[in-house]
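Structure, rendered in structure tokens:
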């Protein structure tokens, strides 16, 4: 489904991503794990058209999408949930969700998507008329995921969904991520909580200083001594 081949990303003179390659197959949950500043978010932003790649190639469904405009990449079926949630606090929950469906012209389809989001996130439904800025951190994360799903993406890019959330909320979010995959959406997950991410993923990539240093089945990475020592606190 998604192939990232030897991409390089720069921020001015800083070489942030070095010849990074990864693949995501249809129906998988794939996770990128690594320390802060390793290049995980920069990789997601390159895939979704928010970072320009200097060289390399990104293909999705056998079409080259390298350096396409972000809105065109959304139209291809890729949605991103940004780090820090980035909901529009002065708009209602419902208005935030509708913004996620801005490319969908069929009103019945929008209504169906919203009902699906409400089924996944009952608390979001309860607060549909509230301003998004009044929600708790966990509720804002649910709203941000719901907003991305409103465009019916085939591939969902999730950037640090557990950041700043209580452990019980993190557990709930990861359970929902599993259910979203069961419903047919492929997921590429960036996560500092390596243990939680590898528990639900099919495969993983370990990123250090802008490069992939290790990859394989999630279960293998979960029991890899170097991964456990570096990212699982053991």
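Residue numbers (this note's numbering): -14 to 219.
Note that beta-carbon positions come from the ideal geometry of N, C-alpha and C, so glycine has one too.
Distance CB(residue i)-CB(residue j) smaller than 9 Å
i, j, result
"residue 123", "residue 162", "no"
"residue 201", "residue 24", "no"
"residue 108", "residue 79", "no"
"residue 28", "residue 2", "yes"
"residue 150", "residue 175", "no"
"residue 63", "residue 139", "yes"
"residue 115", "residue 72", "no"
Three-way DSSP call (helix, strand, coil) for residue i in this model
i, result
"residue 183", "helix"
"residue 1", "strand"
"residue 28", "helix"
"residue 41", "strand"
"residue 47", "coil"
"residue 202", "strand"
"residue 188", "strand"
Chain-order list of residues whose beta-carbon lies under 7 Å from that of residue i (same chain, five-residue window excluded)
i, result
"residue 225", "As displayed, the chain neither begins before -14 nor continues past 219, which places residue 225 out of reach and without an answer."
Distance between residue j and residue i (C-alpha atoms, nearest Å)
i, j, result
"residue 89", "residue 59", "11 Å"
"residue 68", "residue 172", "15 Å"
"residue 117", "residue 75", "7 Å"
"residue 21", "residue 9", "22 Å"
"residue 212", "residue 34", "30 Å"
"residue 98", "residue 92", "10 Å"
"residue 13", "residue 169", "9 Å"
"residue 188", "residue 11", "12 Å"
For residue j and residue i, believed in contact at Cβ under 8 Å, the rounded distance
i, j, result
"residue 120", "residue 102", "Going by Cβ atoms, the distance from residue 120 to residue 102 rounds to 14 Å, so no, they are not a contact pair."
Close Cβ partners of residue i (< 8 Å) along its chain, the five nearest in sequence each way excluded
i, result
"residue 4", "-9, -8, -7, 41, 196"
is_contact[residue i, chain D] using C-beta, thresh 9 Å
i, result
"residue 54", "The structure shown has no chain D; it contains just one protein chain."
Residue i Cβ short of 8 Å to the ligand HEM heavy atom set
i, result
"residue 113", "This structure simply doesn't include the ligand HEM, nor any ligand for that matter."
Proximal residues to residue i (C-beta, below 6 Å), its chain only, five neighbours per side dropped
i, result
"residue 104", "none"
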